[in-house]
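Chemist:
In our numbering, the protein residues as written are 1 to 615.
1. Out of curiosity, what's the CA-to-CA distance linking residue 563 and residue 597?
2. Let me know the beta strand (DSSP E) ranges lying completely inside the stretch 181 to 262, each 3 residues or longer, listed in chain order.
3. Quick check on residue 457: does DSSP put it in helix, strand or coil?
4. May I have the straight-line CA-CA distance separating residue 415 from residue 206, to the nearest angstrom?
5. Helix, strand or coil: how does DSSP classify residue 75 here?
6. Using alpha carbons as the reference points, say which of 521, 531, 524 lies closest to residue 477.
7. Taking residue 501 as the reference, which of 518, 185, 535, 474 has the closest Cα?
8. So, using beta-carbon positions, are residue 461 and residue 528 closer together than 7 Å?
9. For residue 396, which residues in the same chain have their Cβ closer than 7 Å to its Cβ, ignoring the five residues on either side in sequence?
10. Using the C-alpha atoms, what's the distance from residue 199 back to residue 230?
11. At which residues does the alpha helix (DSSP H) containing residue 599 begin and terminate?
12. For a minimum of 3 consecutive residues, which ranges assigned as the beta strand (DSSP E) are wholly contained in the stretch 440 to 523?
13. Output the distance between the C-alpha atoms of residue 481 and residue 107, rounded to the nearest integer angstrom.
14. What are the residues that DSSP puts in a beta bridge with residue 551?
15. Which residues in the same chain have their Cβ closer than 8 Å to the Cβ of residue 440, if we skip the five residues on either side of it in sequence?
16. Got a sec, what are the start and stop residues for the beta strand (DSSP E) residue 538 sits in?
17. Are the Cβ atoms of residue 468 and residue 455 separated by less than 7 Å?
18. Rounding to the nearest angstrom, what Cα-Cα distance links residue 566 and residue 96 in this structure?
19. Does the stretch 502 to 522 come into contact with the stretch 445 to 453, if we say contact requires no fewer than three beta-carbon pairs (one atom in each stretch) closer than 8 Å?
20. Closer than 8 Å by C-beta to residue 80: which residues in its own chain qualify, once you throw out the five before and the five after it? Chain order, please.
21. Can you grab the Cα-Cα spacing for the pair residue 177 / residue 202, in whole Å?
22. Among all the DSSP beta bridges, which residues are the ones paired with residue 570?
23. Please state the DSSP three-state secondary structure of residue 146.
24. Pull up the DSSP beta-bridge partners for residue 101, would you.
25. In three-state terms, what does DSSP make of residue 81?
26. Use the C-beta contact count for residue 466: other C-beta atoms within 10 angstroms, 16 or more gives buried, fewer gives exposed.
27. Nearest-angstrom Cα distance between residue 173 and residue 491?
28. Taking 8 Å as the limit between beta carbons, can you name the residues of its chain near residue 600, skipping five residues before and five after?
29. Classify residue 546 as buried or exposed, calling it buried when 16 or more other Cβ atoms lie within 10 Å of its own Cβ.
30. Am I right that residue 508 and residue 518 are in contact with their C-beta atoms under 8 Å? What's the rounded C-beta distance?
31. Near residue 120, which residues of its chain fall below 8 Å by C-beta distance, leaving aside the five closest residues on each side in sequence?
32. Measure the Cβ-Cβ separation of residue 101 and residue 82 and say whether it is below 7 Å.
33. For residue 580, which of helix, strand or coil comes out of DSSP?
34. Suppose you measure from the CA of residue 87 to the CA of residue 550; what does that come to, to the nearest Å?
35. Whose C-beta lies closer than 6 Å to the C-beta of residue 580 among residues of the same chain, with five residues either side of it excluded?
36. Can you tell me the Cα-Cα spacing of residue 61 and residue 68, whole angstroms?
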């Protein structure tokens, strides 16, 4: 309790002492579990923020061993503990151990999400935690791992966005971070065009327009050598630091001022670079003083708490040791500053000499990139032909049935699908949207179509099909891919519709007094995220004479150049005003309306629609 009170007063040193005392227990009683796990979590996070990774592991590892398997242990606390353990291992270079710890954290987050979450706080905590794992991977330049965890963040965020109480600002913030991290991982993999597209998508978010967002953008701008843009963003830094009353300690000098210096240096702004170098030198002296004061305050807190001379002596020794370390760091940093300034002056001397060589290298790289791009484009065309060959014909002709479907990929290879299977007087229909785009999404989509057709032929109900496909797809799904789906079974004789909606957009059923409304459905989870789910199905006794319109979010989320979406309300309005002549006419009418709304903007997602009418 006292540790939490001191922590709330920002007395970190005092709080750490009491948190450590709280963890110093041999046996963990049931009534102490919650307090123990919160103390361990808070202390581990505090140590991790200070980059004290060895102590983080010393504190967190035994805490996890005591909590793991305890019936009263909190999943959220365990998830954070596994995350900080993984990050400490990552920063210390133990990558395989870090991967295992991160997987354990992910399992705990998934367990937490599956518990009752009335206000969405559990899933928001999971999104934040998984996103932090991505940050650790990128900071240590493990970009393949970073992409995996960024995709997982995107998957969980998608589920959160389906909640009616989803916080729009939270969603925008993390969509922005996901897009920015996609840009970083793509650039590191040499996919510069994909990186630029992701960065452009990041810039369209509201978060990117904020001061913090513009400073975050510099992570990509610096890596892409767009120094002039980065230097422009860094103009906000002084105001941002002042507004937050931020102490310019050693970590912040390294995190903010040194990149600002490099941006101005790279942009050729020698006066600005020299000014920032002076800032670094001035800030460094103050940072050393603050660091020593923090050490002294920590020593005093320990002495006051324990009142033991040996503890004081040990703490004094640690302060002295840190003083020597700080002196060594000061010499190193001054040396770095000297090297940077020397490099800055030398840059102008050798620039012209290197210009021709760089130009020749750029030409050679362009030639290689052109050849590679042509090969990739050829492979994508082949993949698209294979994908489209799996999609059935647009229209299905049968007595008493009018069905038409259309799929338009946003890229060469898309992630949407539609399918149908007619056997006598029973019609199975499916429409889905795979997370992600490109070849991986198309391969995932092909697997879903294969499973759907196999199970439809065995006459499973839509809910059973969803459950069985989910069991298949969650096995060894390391990339965290998933699909939202609507699966229906129509009895063409009676008009009965059995259906299951797996996290997909609600279809519109016409024929009522309003001219059509969204179906109210059970909110099942998307397919492929979590093992062991039992999907719930629903029934409409008859849809005879009522057009059923099913679609993917490439329709209602289509954007114009001003980023204004087509929207659910507008889509429903168009459907209500469209006099039904045929299923094809409804789909083509919506397609024209979307094209008009885009006003020439490139499609931001695949667009798939299906309309059917029985009787």
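Backbone N, C-alpha and C define an ideal beta-carbon position, used for all residues, glycine too.
Modeler: According to the structure data:
1. What you label residue 563 is simply residue 563 of the chain shown in a count that begins at 1. What you label residue 597 is simply residue 597 of the chain shown in a count that begins at 1. Their Cα atoms are separated by approximately 11 Å.
2. none
3. Locating residue 457 in the chain shown gives position 457, where the first residue counts as 1. Correct three-state label for residue 457: helix.
4. Along the chain shown, read from residue 1 onward, the residue named residue 415 stands at position 415. Along the chain shown, read from residue 1 onward, the residue named residue 206 stands at position 206. Computed Cα separation, rounded: 26 Å.
5. Position 75 of the chain shown, counting from 1, holds the residue named residue 75. Here residue 75 sits in helix by DSSP.
6. Translated into the one-based positions of the chain shown, residue 477 becomes position 477. When each option's Cα is compared against that of residue 477, the closest is 531.
7. Here the question's residue 501 lines up with position 501 in the chain shown. Out of 518, 185, 535, 474, 535 has the C-alpha closest to the C-alpha of residue 501.
8. The residue given as residue 461 occupies position 461 in the chain shown. The residue given as residue 528 occupies position 528 in the chain shown. For residue 461 and residue 528, no; Cβs fall outside 7 Å.
9. Numbered from its first residue, the chain shown carries residue 396 at position 396. Same-chain partners within the cutoff: 403, 420, 422.
10. Residue mapping note: residue 230 aligns to position 230 of the chain shown, counting from 1. Residue mapping note: residue 199 aligns to position 199 of the chain shown, counting from 1. For residue 230 and residue 199, the distance between alpha carbons rounds to 13 Å.
11. Position 599 of the chain shown, counting from 1, holds the residue named residue 599. Counting along the chain, residue 599 falls outside any alpha helix (DSSP H), and DSSP gives it neither H nor E.
12. 483 to 491, 497 to 502
13. Locating residue 481 in the chain shown gives position 481, counting from the first residue. Locating residue 107 in the chain shown gives position 107, counting from the first residue. Going by the C-alpha atoms only, they are around 16 Å apart.
14. The count along the chain shown starts at 1 and reaches residue 551 at position 551. BP columns for residue 551 point to 609.
15. By 1-based counting over the chain shown, the position of residue 440 is 440. Correct list, in chain order: 479, 481.
16. Counting from one through the chain shown, the residue named residue 538 turns up at place 538. Note, residue 538: beta strand (DSSP E), 538 to 540.
17. In the chain shown, counting from the first residue as 1, residue 468 sits at position 468. In the chain shown, counting from the first residue as 1, residue 455 sits at position 455. The answer is yes: Cβ separation under 7 Å.
18. The sequence position of residue 566 within the chain shown is 566, counting from 1. The sequence position of residue 96 within the chain shown is 96, counting from 1. Straight-line Cα distance between these residues: approximately 45 Å.
19. no
20. Counting from one through the chain shown, the residue named residue 80 turns up at place 80. So the qualifying residues of the chain are 41, 44, 45, 105, 129.
21. If you number the chain shown from 1, residue 177 lands on position 177. If you number the chain shown from 1, residue 202 lands on position 202. Taking the straight line joining both Cα atoms gives about 7 Å.
22. Taking the chain shown and counting its residues from 1, one reaches residue 570 at position 570. Note: residue 570 sits in no beta bridge, so no partner.
23. The residue given as residue 146 occupies position 146 in the chain shown. Three-state result, residue 146: helix.
24. On the chain shown, position 101 is the one that residue 101 refers to. None; residue 101 has no bridge partner.
25. Mapped onto the chain shown, residue 81 falls at position 81. Three-state result, residue 81: helix.
26. Numbered from its first residue, the chain shown carries residue 466 at position 466. Its Cβ being crowded by 16 or more others within 10 Å, residue 466 is buried.
27. The sequence position of residue 173 within the chain shown is 173, counting from 1. The sequence position of residue 491 within the chain shown is 491, counting from 1. Cα to Cα, residue 173 sits roughly 45 Å from residue 491.
28. Here residue 600 is taken as the residue at index 600 of the chain shown, counted from 1. Contacts found: 561.
29. Here the question's residue 546 lines up with position 546 in the chain shown. Label assigned to residue 546: buried.
30. Start at 1 with the first residue of the chain shown, and residue 508 comes out as number 508. Start at 1 with the first residue of the chain shown, and residue 518 comes out as number 518. Between residue 518 and residue 508 the Cβ distance is about 6 Å, and since that is below 8 Å, they are a contact.
31. Start at 1 with the first residue of the chain shown, and residue 120 comes out as number 120. Result list for residue 120: 160, 163, 165, 166, 167, in chain order.
32. Locating residue 101 in the chain shown gives position 101, where the first residue counts as 1. Locating residue 82 in the chain shown gives position 82, where the first residue counts as 1. The answer is yes: Cβ separation under 7 Å.
33. Looking up residue 580 in the chain shown gives position 580. DSSP places residue 580 in coil when its eight states are reduced to three.
34. Taking the first residue of the chain shown as 1, we reach residue 87 at position 87. Taking the first residue of the chain shown as 1, we reach residue 550 at position 550. Their Cα atoms are separated by approximately 44 Å.
35. The residue labelled residue 580 in the question sits at position 580 within the chain shown. Here the set comprises 547.
36. Counting from one through the chain shown, the residue named residue 61 turns up at place 61. Counting from one through the chain shown, the residue named residue 68 turns up at place 68. Each residue's alpha carbon lies about 11 Å from the other.
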